[in-house]
Every structure is written in C-alpha cells, then in structure tokens.
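Asker: Please find one structure pasted underneath; my questions will follow.
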C-alpha cells in the first residue's frame, strides 16, 4: 500500500485524539488507543482495505465500534499519488480514502497536496482553489484585463475623433436617426448622467423587445458603432463582454445586447436629452432635391422593419407547428420580401399563417418535415397570386398577442413617419408616406442656425473651461456669489446677462487669482 509512515502516524494520532474518553463528540464510548496500539493499527488498515471481508466484519475482528465509520473516513491515512506538487515539491495524495476508491485504483479521485492544498484535477486545472493558484489566476486576469482595457480605450479614442455636435444630429441619415432615437427613447439611462448620455443594456429592457429579430438588433447596434454615434463605455462589464481576436484592437467580438454604450457627443453637459431627441425626430432637408431621396430611404427602412416583423412571425409559426427553424432558408426569406412589394405586414401575417398551417396539415399526411417546409414556398406563391388577381380577398391580421410591436418599429412609425399603426396595416409604398414628416430648411435659415449654434456651443465650452480652472481654487458657491455681486443681482429682481459678460468676468477672476470681495 502506498502509505507513508508519517501518514500512518498522523492518522493514528488523529483517531486516538478523537476516539477517547475526554472528547464529548465521541459517541462510541470507545478509547481507540486502548483498543489498538500503533502496530495493530497498521495491520487493521491493511486488512481494512485489502481484505475480502466486509468493513463491518473487519471492525468486529478488531473490537472497533461500528459507528467508527461515520467519523473516521477523513482521519484514515492518505494514499500517495505519483505526482509532485508544482508549488512546494511535496508528494501529493489522493483526495479520497474510501475502500471503494482504493479498489478502483483512485480512478475517480484527484491529487491534492497535503502541505499547500494544491489540487490537480485532470482536464480541469482551473478548479484548484489553493491560495497560490488563486493568486496566479488573479495576476493573469489583471494582466489580461489591462491589455483588454488598453485596446478598449483605443477603440473609444478612435470613436471620439468623430464626436457629434447637436447640429450634426439634425442632418444625419434617416436610418441613423431612427436607430439612435430608439436608443434614446427606450434605453436612455437618466441615473448615470455623470458619465455622459448613457444607455441601459438592451438585455435589461423590460416589457418590450428592442427589435423583431436579434440579428436585426445586432445590425442596428453595429451601424450605430460604425457611424460613431455611440461608443463603448469603459467598465468591467464591457471588458468581460468583449473578446479581442489578436493584437489588433479593431478585431474583436462582443455581445451587443449585454454591452454598455454612451452617446458619442461633444461636451455632453451642453446638450439636454430633450434637445437631442428633438433633433433626431426632425427630418431636415436644405433643398427640395433631397426630398425624393429621403422618401426612398424611408421606404427602404419601412420594408426592412416590415421584413424583420414577417421573419419574427415566421419563426413564431414554425415553433407553433413544430417545424425546425433551421429550415428557414433564402427561398422563404425571398418570399417574405416579395410579400411586401404588394401587401402590408398585416396582410403578410394572413398569408404566412395560411401557408405555414397548410404545410403543417400537409405534414400530417406522412411526408417528412423538410418536405412539408419546402411546400411553404408554393403556398406563399399561390396566396400572393390569388390575392393580387382579386380572386381572394386581401384581409390582414392584427398583431399577434405574443409578438407586440418592438421599440424600433414604434419609433420609426410613431416618431419619424408619424403614421402609427398604418406602418403595419398599409403597404410599404412611397405614396403611403406623408410629406409632412420632412422639415424644409432654406439655405439662409440653415446657415443662420448653424452659425448661431456653433457660436453658442463654442462660448459655452469656454465658460465650462474657465469654471473648471476656478473650481480648483474656489468653491462653486463663492464663484456664484462673486458673479451676483459684480452684476448687482438681487433676490427681488430678474436680471439677464449675456454669456459673453459672464465669460469676461470668469477670465478676470482667473487673471487676478481672486474673486470679488
């Protein structure tokens, strides 16, 4: 038996200490030292493990109380394995001491160091919880985390080179306005303003889905990141949810619905949530030539959202009729696109329900599930043809109770196009898009607005810069009191002073190094 003398002796002493008359936890009324001397103990251990007799019979032979089994297992001698601890060079022992484990040659046991508690578990080295291994893992994590942090900072710095102003929001693309407005209306985090305009994780969105399909949701987030409208927030959650594939910081994967994002805007203190939403809601053009392009872009996005809603309904029906969703291929998707050329999403619901339920009935005749799914294309084509010819009435369905309207759909049809449920009930056509959702701004008006806002933003940035300098020397209240005194502002009157006047006073305080006394 592979038991060292030290292990025998340690085990014997432990048993003698436990099974003695002075130990209140010894419920056997047995004094182990009186029952067996050290030599007899070694003989007992040998027979305990190697005898063909049952353990009970071995205990009877050595006059040992049968309740010995309840407490003694952990106090039996350790069996040495053939491994050496990598941390302290001690001989390792097997984790189990039972007779069953011994008979199985410890095939289900792991090795453990009796000195430092290091464990070697085949194929699962990361499970060792010894202090040294935990410290090594913590250092490795910290090192890896720092590398990831530097790469994440690089990504964010690249995004911040293209930070947006309030004016930029007014004239960005209709698609990006819709996507960003969805973030603002449904994910805006009012409690984290100190970080900037931040957003709640999409997977924490309650009571409504972000987009009809997850792939579409991922595409929306990727578009906003690629357009530098949003950026990653620097926090541990993002470090955990981003995996860099190599040394290139731009080559990474992430979990879009679990990441944290910030609005990529200059001087977030200057722009209120309301102003940003207003600019995103406004679809502005500065020439009539742009109008047709805006209408075509609106139609494209209408069809894109409609297609995703039809996909969502298709997945729902496949699950209802126990069809494998993996069978939804390009042919079915192309049919969904074809539906939207002449029918609304509502009518598409009716076509899909009839087609997929028909395929489910066809499946009951004994054909394979794949064969039944292939018939869906034919069913859809027949329904389209019959409805276009007028032979069948083109009635639509209401939204499915289990598939309520999603955030992106609500924003586009309610806030952007302002047509509400018509986005679901009407055919996606340019003639069904109202012209009044486009705001025409003539060149002179645009130039005046742009000039005024840029000057205002620049001035406000100067004021904030000077305030930051002064706050290193004086309290905010002292600065306010000084301004009140210089401008003779009293509690009984309402006075208005220009930002230029305030800026000049702040610069005077900086130059003099003191406030008005």
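Numbering (our numbering), first residue to last: 2 to 518.
Think of the CB as a built atom: it goes at the ideal place given N, C-alpha and C, for glycine as much as any other residue.
Treat the numbers as computed from the prediction; the structure is a model and nothing was measured.
#1: Quick check on residue 93: does DSSP put it in helix, strand or coil?
#2: Considering only residues of the same chain and omitting the five flanking positions on each side of residue 187, which have a CB-CB separation below 6 Å?
#3: Would you call the stretch 28-39 in contact with the stretch 88-97, where contact means no fewer than 3 C-beta pairs closer than 8 Å?
#4: Quick one: residues in its chain with C-beta nearer than 6 Å to the C-beta of residue 33, no 5 flanking neighbours on either side, listed in chain order?
#5: Would you kindly report the start and end of the unbroken beta strand (DSSP E) that includes residue 84?
#6: Taking Cβ to Cβ, would you say residue 240 is nearer than 8 Å to residue 153?
#7: Along the chain, where does the beta strand (DSSP E) that runs through residue 255 open and close?
#8: Decide if residue 53 is buried, meaning its Cβ has at least 16 other Cβ atoms within 10 Å, or exposed.
#9: Is the distance from the Cβ of residue 189 to the Cβ of residue 200 below 8 Å?
#10: Entirely within the stretch 43-67 and at least 3 residues each: give me those beta strand (DSSP E) ranges in chain order.
#11: In chain order, which continuous runs of the beta strand (DSSP E) of length 3 or greater are located wholly inside the stretch 210-248?
#12: Quick one: give me the first and last residue of the alpha helix (DSSP H) that residue 264 is part of.
#13: Under 8 Å between the Cβ atoms of residue 4 and residue 69?
#14: Measure the C-alpha to C-alpha separation of residue 418 and residue 348 and round it to an integer number of angstroms.
#15: Using the DSSP secondary-structure output, state which residues sit across from residue 285 in a beta bridge.
#16: For residue 304, which residues in the same chain have their Cβ closer than 6 Å to its Cβ, ignoring the five residues on either side in sequence?
#17: Flag this pair as yes or no: are the beta carbons of residue 281 and residue 185 separated by less than 8 Å?
#18: By the three-class DSSP mapping on this structure, what secondary structure does residue 347 have?
#19: Could you pull out every residue in the same chain whose Cβ sits closer than 6 Å to the Cβ of residue 450, ignoring the five residues on either side in sequence?
#20: Looking at the C-beta of residue 84, does it have a partner C-beta in chain C at a distance below 8 Å?
#21: With contact counted as at least three CB pairs below 8 Å, one residue from each stretch, are the stretch 84-93 and the stretch 42-53 in contact?
#22: For residue 370, which option in 405, 352, 483 and 327 has the closest C-alpha, if you only look at C-alpha atoms?
#23: Using a 10 Å radius around the Cβ and a threshold of 16 neighbouring Cβ atoms, would you call residue 198 buried or exposed?
#24: Quick check: the Cα distance between residue 35 and residue 119, rounded to an integer number of angstroms?
#25: Whole angstroms are fine: how far does the CA of residue 56 sit from the CA of residue 14?
#26: Quick check: the stretch 350-361 against the stretch 376-383, are at least 3 beta-carbon pairs closer than 8 Å?
#27: Alpha carbon to alpha carbon, how far is residue 495 from residue 487?
#28: Suppose contacts are defined by Cβ-Cβ distances below 8 Å. Is residue 424 in contact with residue 413 by that definition?
#29: Closer than 7 Å by C-beta to residue 440: which residues in its own chain qualify, once you throw out the five before and the five after it? Chain order, please.
Answerer: Concretely, from the data shown:
#1: strand
#2: 408
#3: no
#4: 16, 17 and 20
#5: 81-85
#6: yes
#7: 253-255
#8: exposed
#9: yes
#10: none
#11: 231-233 and 243-245
#12: Taken as a continuous stretch (DSSP letters only), residue 264 belongs to no alpha helix (DSSP H), being part of the beta strand (DSSP E) at 262-264.
#13: no
#14: 20 Å
#15: 440
#16: 341 and 429
#17: yes
#18: helix
#19: At residue 450, the pLDDT of 48 sits below 50, so the modelled position is not reliable; the number obtained from the coordinates is stated separately. Contacts found: none.
#20: Annotation note: the requested chain C is absent from the structure, which comprises a single protein chain.
#21: no
#22: 327
#23: buried
#24: 36 Å
#25: 21 Å
#26: yes
#27: Unreliable positioning characterises residue 495 in this predicted model, as indicated by a pLDDT of 37, which lies under 50. The coordinate reading is nonetheless provided below. Using only the alpha carbons, I get a separation of about 15 Å.
#28: yes
#29: 283, 284 and 285
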